[in-house]
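Heads up: the structure comes next, in C-alpha cells.
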Amino acid sequence: MTRSRPPRSGKAPGVNRRRFLTSGAMGSMGLALNPRAAFADDDDANIVNDVTLLNPVHVEAIATPHTTEEILHAVQARHGAISIGGARYSMGGQIAEDYSLHVDMRSFNKPVFLDAEKRIIRVQTGMRWRDVQELIDPHNLSVKIMPPYADFTVGGGLSVNAHGNYVGLGPLVNSVRAIQMVLASGAVVEASREQNAELFHGAIGGYGGLGIITEAELDLVPNTKIVRSIDRVPLAEYPAFFQSKVQGAPNIVLHNADIDFGDFDSVLATSWRRTDKDLSVTERLRPGGDATAFGNVKNWALELPGADLLRSAVIDPINSLEDVVVWRNYEAGLKMSSLGDTATSSHTFALQEYFIPPEKFGVFVSDLHRILGESDSNPVNVSIRHSPKAADTLLSWTRSDVFSFEIAYDQDSTLRAQTTVGAWTRQLIDSALGCGGSYFLPYQLHATPIQFARAYPNHAAFFALKNRLDPNYQFRNRMWDKYFPG
Ligand SMILES: Cc1cc2nc3c(=O)[nH]c(=O)nc-3n(C[C@H](O)[C@H](O)[C@H](O)COP(=O)(O)OP(=O)(O)OC[C@H]3O[C@@H](n4cnc5c(N)ncnc54)[C@H](O)[C@@H]3O)c2cc1C
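Just remember that my numbering sits 678 ahead of the position in the sequence shown, which is counted from 1.
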C-alpha cells in the first residue's frame, strides 16, 4: 500500500495545528518514512539517495562487502573518493559523494561475539539494531543505548553519535567499549578509550570522515519489563518537572515529552519505568518485517476524509494508554517502517534537532514558537529529551547537560521549499547558538560553515586528525564537502 502526500493542515496560533501521533518513543514524533523510499532509485543503479529523496548522488561504483578483508581491499585499491552508507536515514547527503566508491555497509552484518555473562556484544557495523536485539533477547539482555529506531545500522548510529530516550545515559558513545576501523592508509586498527583514544573519540560522531568503522563492541544491560505513565505538564515548568520527577528517579528507563501543538503551552511527558507488573504486550520484540499491520492500516486510514476525527477518537487514545507494560526490547525496537508514510519525488518529511542548556530552555522555546509561527514551516511534532554532558567526542553535541528539541516537519521537495526551510533552520540554529547550545548534524545541510564551526568548537581538532589520517581527502561526503576546509 503506497501513500501519497500526507494531508496538510491549517496553522494554529503560531504553529501547525496537526497534533501528531504519539507512540511513546523517539520523541513519539510519529514521523513516518518508508525505508523503501530510500531505494527508489532503481532507474540508475549508481544513484545513492537518502530517506528524504532530496539528495540523489551519482557515485562511480557501489561496493557491498561481507567481510573486513573485502572492505580493506576496496579501500586499498581505491585512489579516489570513498563514501560510506548505512541504512541511509541521514538527510543531507552525509552518505554519498559524487563519483565516489560508495561502500554500502548493509551486507556487512554478522555478529563477531556475544559474551552474555559479561554483557558485551561485538558486531559488524552494517548490522541493524533490530538484528542486535534478535541476538541478545534470548539472553534477556538489551542494548544499553540505541537510537529510537531499530532499522538504523550500528555504524550509522555510531557515526552520528546518536541518542535515544534513555534517561541519564546520553549519546551512544557512552555504551561503546571499542571499535575497529579501516583507515585510508589501509591499516585495520582497534580504538577504545585506552587505545587510539583520539581516533575513538573522533570516529564516533565523525560522519565517516576518518575511515570505515568495521566492528563495534557494545555494552548490554538486563532486559526488563517497563510500564508507561503519561503526565501533562505546562511547557514552562517542564525543566523543573524533569529535574524533580524524572532525572533522579531510579526506575525510569525511557522518557520524552511532546509539545502540544494545540496551545504550544504544555507537553505530554511519557515515562517508562521498570516494573514487575504483568505484561500487556507479550511479544518480546517488534515484528521483524517492514511494517506492522496496525501501522499500515493506521497510516493509510489517516489519509481518508475524517482523519482528524479518527486520530483524536481512536488513535491518540490507543497511543496514550497508561499502564501499558512491555519488554524494554519491545519498546526500544520501534521501526520507522512501522509508522508508514513515505517521501515522494515531490514531498518529504524531515527532521532537525537542537541541543539547549537547561537554563536557556525558556529562551529557546520562545524563539522556537516565534520562528515556526512566522515562517512558512509545516512542523508536525516537537519532541523534547534530555542528555547529560558527554564532551569527550571531538564533534560532541552535548558539551554540557542539554535538553534536545527534535522538530519533525513536512516539506515540498522543490528548490523553493528547500530555500524556505533553509532560512528558518538557520534562524533556529542562531537561536540555539545564542543559548550556548548546538544543533544535530545528520539532517539537511542548511547550516552555514560559520554556524557549524560555532556549534562544534572542537572541529579544528577533528580536521587536524582527518588531515593526518586521510591526507588525500578520500573519505568524503556532501557534508564534509560543505564544512571541511580541506
Ligand atoms: C525518522 C528519524 C528519526 C531519527 N531520530 C533520531 C533520534 O531520535 N536520535 C538520533 O540520534 N538520531 C535520530 N535520527 C538520525 C539517525 O540517528 C541518523 O540518521 C543515523 O545515521 C541513521 O543511521 P543509518 O544507518 O541510516 O546511517 P546513514 O544515514 O546511512 O549514515 C550516517 C552517517 O554515518 C556514516 N556511516 C555509516 N556507517 C558507517 C560506518 N560503518 N563507518 C563509518 N561511517 C559510517 C555515513 O557515511 C554517514 O555520514 C533519526 C533519523 C530519522 C530519519
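Backbone N, C-alpha and C fix where the C-beta goes; we use that ideal spot for every residue, glycine too.
Only a predicted model underlies this, so the values are computations on that prediction, with no experimental measurement involved.
Residue i - DSSP class collapsed to helix/strand/coil
i            : result
residue 1057 : strand
residue 1161 : helix
residue 796  : coil
residue 731  : coil
residue 1067 : coil
residue 1107 : helix
residue 817  : helix
residue 965  : coil
residue 788  : coil
residue 845  : coil
residue 775  : coil
residue 982  : Because the pLDDT at residue 982 is just 37, under 50, the model does not fix this residue reliably, and the value given afterwards should be weighed accordingly. Three-state DSSP puts residue 982 in coil, outside helix and strand.
residue 1045 : helix
residue 916  : helix
residue 761  : strand
residue 722  : coil
residue 938  : coil
residue 956  : coil
residue 806  : strand
residue 858  : strand
residue 737  : coil
residue 712  : The pLDDT assigned to residue 712 is 31, lower than 50, so where the model puts this residue is not dependable, and the model offers no usable value.
residue 1072 : coil
residue 836  : helix
residue 850  : helix
residue 1012 : coil
residue 704  : Confidence is the limiting factor: at residue 704 the pLDDT is only 30, short of 50, which leaves the residue's position unreliable, though a coordinate-based value still follows. Helix, per DSSP.
Start and end residues, alpha helix (DSSP H) containing residue i
i            : result
residue 747  : 746-755
residue 1153 : From DSSP, residue 1153 is part of no alpha helix (DSSP H); its letter is neither H nor E.
residue 1027 : Taken as a continuous stretch (DSSP letters only), residue 1027 belongs to no alpha helix (DSSP H), being part of the beta strand (DSSP E) at 1025-1034.
residue 883  : That residue, residue 883, is in no alpha helix (DSSP H); it is neither H nor E in DSSP.
Boundaries (first-last residue) of the beta strand (DSSP E) holding residue i
i            : result
residue 895  : 890-900
residue 910  : 903-912
residue 951  : 944-952
residue 870  : 866-870
residue 1004 : 1003-1005
At least three beta-carbon pairs within less than 8 Å, the stretch 909-926 to the stretch 830-838: no
Determine contact between the stretch 1130-1141 and the stretch 781-789, defined as no fewer than three beta-carbon pairs at a distance below 8 Å. no
When the Cβ atoms of the stretch 895-908 are set against those of the stretch 952-963, are three or more pairs found closer than 8 Å? yes
Three Cβ pairs or more, each shorter than 8 Å: is that satisfied between the stretch 1063-1070 and the stretch 846-858? yes
Would you call the stretch 1140-1153 and the stretch 750-762 touching, i.e. three or more CB-CB distances under 8 Å? yes
If you pair each beta-carbon of the stretch 883-890 with each one of the stretch 918-938, do three or more pairs fall below 8 Å? no
Take every Cβ of the stretch 807-815, pair it with every Cβ of the stretch 871-878, and state whether three or more of those distances are shorter than 8 Å. no
Could you tell me which whole alpha helix (DSSP H) segments of length 4 or greater appear in the stretch 1077-1148? 1093-1112, 1127-1133 and 1137-1147
Pairing CB atoms from the stretch 862-874 with CB atoms from the stretch 838-845, are three or more of them under 8 Å? no
Segment contact, 8 Å Cβ cut-off, at least three pairs: the stretch 744-754 with the stretch 1034-1052: no
For the stretch 1053-1060 and the stretch 1075-1086, state whether three or more C-beta atom pairs, one from each stretch, are separated by less than 8 Å. yes
Evaluate the contact criterion for the stretch 1089-1105 versus the stretch 1034-1042: three or more CB pairs, one atom per stretch, below 8 Å. no
Between the stretch 1101-1112 and the stretch 814-827, do at least 3 Cβ pairs fall closer than 8 Å? no
Whether or not the stretch 1120-1130 and the stretch 1022-1034 are in contact is what I'm after, with contact meaning three or more pairs of Cβ atoms, one per stretch, closer than 8 Å; do they touch? yes
Count the C-beta pairs between the stretch 728-737 and the stretch 766-781 that are closer than 8 Å, then say yes if the count reaches three, no if not. yes
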